[in-house]
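Number of protein chains: 2
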Amino acid sequence: MTRKLPDKTVERLSQYRRALLNTLSGGKHHIFSHEIANLLHITAVQVRRDIMLIGYTGTLRQGYDVNELIDIIGKIIDTREGQKVAVIGIGNLGRAIMGYFSGKRTRLNIVAAFDSNPDKTDKIYAGVPCYHSDKMMEIIKNEGISIAVISVPGEFAEKVAEDLTMAGIKGILNFSPKPLNVPAHVYLQEFDMLTMLEKVAYFVKKS
Amino acid sequence: MTRKLPDKTVERLSQYRRALLNTLSGGKHHIFSHEIANLLHITAVQVRRDIMLIGYTGTLRQGYDVNELIDIIGKIIDTREGQKVAVIGIGNLGRAIMGYFSGKRTRLNIVAAFDSNPDKTDKIYAGVPCYHSDKMMEIIKNEGISIAVISVPGEFAEKVAEDLTMAGIKGILNFSPKPLNVPAHVYLQEFDMLTMLEKVAYFVKKS
DNA sequence: AAATTACTGTTATTTTAATAACAATGTTAT
DNA sequence: ATAACATTGTTATTAAAATAACAGTAATTT
Ligand SMILES: NC(=O)c1ccc[n+]([C@@H]2O[C@H](COP(=O)([O-])OP(=O)(O)OC[C@H]3O[C@@H](n4cnc5c(N)ncnc54)[C@H](O)[C@@H]3O)[C@@H](O)[C@H]2O)c1
Ligand SMILES: NC(=O)c1ccc[n+]([C@@H]2O[C@H](COP(=O)([O-])OP(=O)(O)OC[C@H]3O[C@@H](n4cnc5c(N)ncnc54)[C@H](O)[C@@H]3O)[C@@H](O)[C@H]2O)c1
Numbered sequence: 003m004t005r006k007l008p009d010k011t012v013e014r015l016s017q018y019r020r021a022l023l024n025t026l027s028g029g030k031h032h033i034f035s036h037e038i039a040n041l042l043h044i045t046a047v048q049v050r051r052d053i054m055l056i057g058y059t060g061t062l063r064q065g066y067d068v069n070e071l072i073d074i075i076g077k078i079i080d081t082r083e084g085q086k087v088a089v090i091g092i093g094n095l096g097r098a099i100m101g102y103f104s105g106k107r108t109r110l111n112i113v114a115a116f117d118s119n120p121d122k123t124d125k126i127y128a129g130v131p132c133y134h135s136d137k138m139m140e141i142i143k144n145e146g147i148s149i150a151v152i153s154v155p156g157e158f159a160e161k162v163a164e165d166l167t168m169a170g171i172k173g174i175l176n177f178s179p180k181p182l183n184v185p186a187h188v189y190l191q192e193f194d195m196l197t198m199l200e201k202v203a204y205f206v207k208k209s
Numbered sequence: 003m004t005r006k007l008p009d010k011t012v013e014r015l016s017q018y019r020r021a022l023l024n025t026l027s028g029g030k031h032h033i034f035s036h037e038i039a040n041l042l043h044i045t046a047v048q049v050r051r052d053i054m055l056i057g058y059t060g061t062l063r064q065g066y067d068v069n070e071l072i073d074i075i076g077k078i079i080d081t082r083e084g085q086k087v088a089v090i091g092i093g094n095l096g097r098a099i100m101g102y103f104s105g106k107r108t109r110l111n112i113v114a115a116f117d118s119n120p121d122k123t124d125k126i127y128a129g130v131p132c133y134h135s136d137k138m139m140e141i142i143k144n145e146g147i148s149i150a151v152i153s154v155p156g157e158f159a160e161k162v163a164e165d166l167t168m169a170g171i172k173g174i175l176n177f178s179p180k181p182l183n184v185p186a187h188v189y190l191q192e193f194d195m196l197t198m199l200e201k202v203a204y205f206v207k208k209s
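Chains as they are written, first to last, in my numbering: chain A, 3 to 209; chain W, 3 to 209.
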């Protein structure tokens, strides 16, 4: 399945899987495209198209087999061995992230957290050990951690990103307000809640 | 300026403004499109095009006047009177949001927080009072709060959204993992960090 | 058994977003 | 004074994403 999927399809696949896992725990084993669509507020065509792109095929009268679809999506968006993730900066946001991810059934395992404040280190958060950031580069290399979430204050983000890059990280999800510069081989995704909120405000205003 | 702007342009305008405010506090009063572009990791053409769309014009040798541009963007994405915002659910995520927004110079004012846990209510977080959620509908109506950020656990999110809608809220930014159903006149923006992270993981895998 | 229904899967079309191309213009160098 | 340069603003083109259209098909109804 080395076919390149559209960006947006990748995002939705992750959402489909989450919704399907819910569905499953509700005891439902088959689902129609329009049901998935309703769960996510998108159209059924979109759902079918995405599913077509990953090469899965439902049955005519029953729709999609929930287990199978979850599996196939996993084959696409997970690696076989899983990927290790670290969270840098265990303030409010860092803890929210750890809490949210813990227990989610996924091949993305948060295996370490790092903070520069000794009061926060050498403790367990949501089942994950938090180390002092002095050890960050070493642990990332030794553990083979490939993905990092940055939730430190803006003024430290650039330095953290440099260290991460040197330690061989492959992907960064950045929540700090400072847009980062990383080499092209590091995949970078930035996110800002203020932007989201201002967007909501703008579109509220229009109506 | 009732011209309809593309979705993505609106997002970027918010980012430009944030970057420009930084620039300004660094004592720089003029900026070129390619400088803005570098700050945000986008292209200069994109920047110029967005700025064209809002009808602002720079000077040829100096580029854009930072103050003026900040102002113009404000005219576009803010309302004159400002809009009031409430945060529902003051857990780790709620507190991270409050901390992040506080002190940001914007016409979006977080004026109230709400939580159902009496241990958390009747306190001040990042300068904003937290009330018990019993009073939510009343306060939202009386204060004229038009935008809400939902950061309660999934199982309560639907109910909170219903109450908010009934209280007359106009826009919702939802961080709970439960996709919400709201009437069409309420602008809804959902966000999920797990999706973001899985996307990073997917694109890391490819390389 | 024919028609109808309710789905899926796929191609075609439209819409939205990004990029490229380039004219216009003041600035600096020669 | 002229040429080269660096920048903006805008139009043209391409790319990405979403939507629409519709063919195919098993089940159900008449
Ligand atoms: N992008 C967004 O949407 C968004 C939302 C909320 C917060 N934020 C930003 O995220 C960051 C964290 O927010 P928060 O509320 O958790 O803040 P916080 O102050 O509670 O936490 C920051 C943590 O980072 C740690 N830290 C500082 N320097 C470090 C370093 N070099 N290495 C490791 N750890 C270090 C601190 O000890 C602290 O524990 C802030 O920059 C904030 O502006 C962004
Ligand atoms: N979308 C994302 O990216 C993302 C990231 C992290 C967390 N989350 C989700 O956000 C939510 C909050 O995360 P958290 O880490 O802050 O959790 P938390 O448990 O620390 O906080 C939840 C807070 O909501 C309050 N609450 C519960 N019911 C309420 C109600 N009806 N009205 C008002 N307040 C109520 C609780 O008292 C608590 O203070 C969770 O659902 C979590 O899954 C989402």
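Glycine residues also receive a C-beta, built at the ideal position from the N, C-alpha and C atoms.
Predicted, not measured: the structure shown is a model, and the values here were computed from it.
> First and last residue of the beta strand (DSSP E) that includes Val87(A)?
Replying inline: Its beta strand (DSSP E) spans residues 85-90.
> At a CB-CB cut-off below 8 Å, which residues of chain A make contact with Ala163(W)?
Replying inline: Under the 8 Å cutoff, chain A gives no residues; its nearest Cβ is about 13 Å from Ala163(W).
> At which residues does the alpha helix (DSSP H) containing Ala163(A) begin and terminate?
Replying inline: That run of the alpha helix (DSSP H) goes 156-168.
> If contact means a Cβ-Cβ distance below 9 Å, which residues of the stretch 66-79 of chain A contact chain W?
Replying inline: Per Cβ criterion, the list reads Ile78, Ile79.
> Got a sec: is the Cβ-Cβ distance from Gln85(A) to anything in chain W below 7 Å?
Replying inline: Yes, contact with chain W.
> Alpha carbon to alpha carbon, what distance is there between Ile171(W) and Ile84(W)?
Replying inline: At residue 84(W) the sequence reads Gly, which differs from the Ile that was named. Whole-angstrom Cα-Cα distance: 15 Å.
> Identify the residues that DSSP records as bridge partners of Val151(W): which are they?
Replying inline: Residue pairing by DSSP places Val151(W) opposite Val89(W), Leu175(W) in a beta bridge.
>> Just to confirm the assignment, what range does the beta strand (DSSP E) spanning Tyr204(A) have?
In response: From DSSP, Tyr204(A) is part of no beta strand (DSSP E) but of the alpha helix (DSSP H) over 195-208.
> Checking contacts by CB at 7 Å: is Asn111(W) closer than that to chain A?
Replying inline: For Asn111(W), the answer is no, since every Cβ of chain A falls outside 7 Å of its Cβ.
> So which residues on chain W does Asn94(A) lean against when the C-beta distance must stay under 8 Å?
Replying inline: Close partners of Asn94(A) in chain W (Cβ separation under 8 Å): Asn94, Leu95, Arg97, Ala98, Gly101.
>> Under 6 Å: does the beta carbon of Asn90(W) sit that close to some heavy atom of ligand 2?
In response: The sequence shown places Ile at residue 90(W), not Asn. True, at least one ligand heavy atom lies under 6 Å from that Cβ.
>> So within the stretch 99-127 of chain W, which uninterrupted beta strand (DSSP E) runs reach at least 3 residues, ignoring any that extend past its ends?
In response: Listed in chain order, the complete beta strand (DSSP E) runs (minimum 3 residues) inside the stretch 99-127 of chain W are 110-117, 125-127.
> What is the residue span of the beta strand (DSSP E) that Leu18(A) lies within?
Replying inline: As written in the sequence, residue 18(A) is Tyr, which differs from the Leu given in the question. Where Tyr18(A) is concerned, there is no enclosing beta strand (DSSP E), although the alpha helix (DSSP H) it sits in stretches over 9-27.
>> Per DSSP, what are the beta-bridge partners of Gly65(W) in this structure?
In response: Per DSSP, the beta-bridge partners of Gly65(W) are Thr61(W).
>> So with CB distances below 8 Å, who are the chain W contacts of Gly173(A)?
In response: Those are Val202, Ala203, Phe205, Val206, listed as they occur along chain W.
> Where DSSP assigns a beta bridge to Glu192(W), which residues make up the other side?
Replying inline: Under DSSP, the beta-bridge partners assigned to Glu192(W) are Asn176(W).
>> Suppose the cutoff is 8 Å on Cβ atoms and the five residues either side in sequence are ignored; what does the same chain contact list for Tyr23(A) look like?
In response: In the sequence as presented, Tyr is not what sits at residue 23(A); that position holds Leu. Ile72, Arg107.
> Sorted by chain position, which residues of the same chain lie with C-beta nearer than 8 Å to Leu55(A)'s C-beta, five sequence neighbours on each side aside?
Replying inline: The answer, listed in chain order, is Arg5, Leu7, Pro8, Thr11.
> Which residues, in chain order, does the stretch 187-201 of chain W contribute to contact with chain A at a C-beta distance below 9 Å?
Replying inline: Under the 9 Å Cβ criterion, the stretch 187-201 of chain W contributes His187, Val188, Tyr189, Leu190, Gln191, Glu192, Phe193, Asp194, Met195, Leu196, Thr197, Met198, Leu199, Glu200, Lys201.
>> Do Leu166(W) and Val151(W) have their beta-carbon atoms positioned less than 7 Å apart in this structure?
In response: Cβ distance not < 7 Å, so Val151(W) and Leu166(W) don't count as in contact.
>> Please list the terminal residues of the continuous beta strand (DSSP E) segment that includes Phe134(W).
In response: Looking at the sequence itself, residue 134(W) is His, so the reference to Phe does not match. That run of the beta strand (DSSP E) goes 130-134.
> Looking at the C-beta of Ile149(W), does it have a partner C-beta in chain A at a distance below 7 Å?
Replying inline: Closer than 7 Å to some Cβ of chain A, the Cβ of Ile149(W) qualifies, so yes.
> Counting contacts by CB-CB distance shorter than 7 Å, is Pro8(A) in contact with chain W?
Replying inline: Taking 7 Å as the CB threshold, Pro8(A) stays off the interface with chain W.
> How about Gln17(A): is its C-beta nearer than 7 Å to some C-beta of chain W?
Replying inline: The Cβ of Gln17(A) sits closer than 7 Å to at least one Cβ of chain W.
> Within 10 angstroms of its Cβ, does Leu17(W) collect 16 or more other Cβ (buried), or is it exposed?
Replying inline: Residue 17(W) is actually Gln in this sequence, not Leu. With 16 or more neighbouring CB atoms inside 10 Å of its own CB, Gln17(W) falls in the buried class.
> Start and end of the alpha helix (DSSP H) containing Ile53(W)?
Replying inline: 46-55 is the extent of the alpha helix (DSSP H) around Ile53(W).
>> Taking a contact to mean a Cβ-Cβ separation below 7 Å, would you say Gly91(W) touches Ser153(W) in this structure?
In response: Yes, the Cβ-Cβ distance between Gly91(W) and Ser153(W) is below 7 Å.
> Pairing CB atoms from the stretch 57-68 of chain W with CB atoms from the stretch 117-128 of chain W, are three or more of them under 8 Å?
Replying inline: In short, these stretches do not touch, since the Cβ pair count stays below three.
>> According to DSSP, simplified to helix, strand and coil, what is His1(W)?
In response: Outside the displayed span of chain W (3 to 209) sits residue 1(W), for which this structure offers no information.
> Does the beta carbon of Ala150(A) fall short of 6 Å from some heavy atom of ligand 1?
Replying inline: No, the Cβ of Ala150(A) stays beyond 6 Å of every heavy atom of ligand 1.
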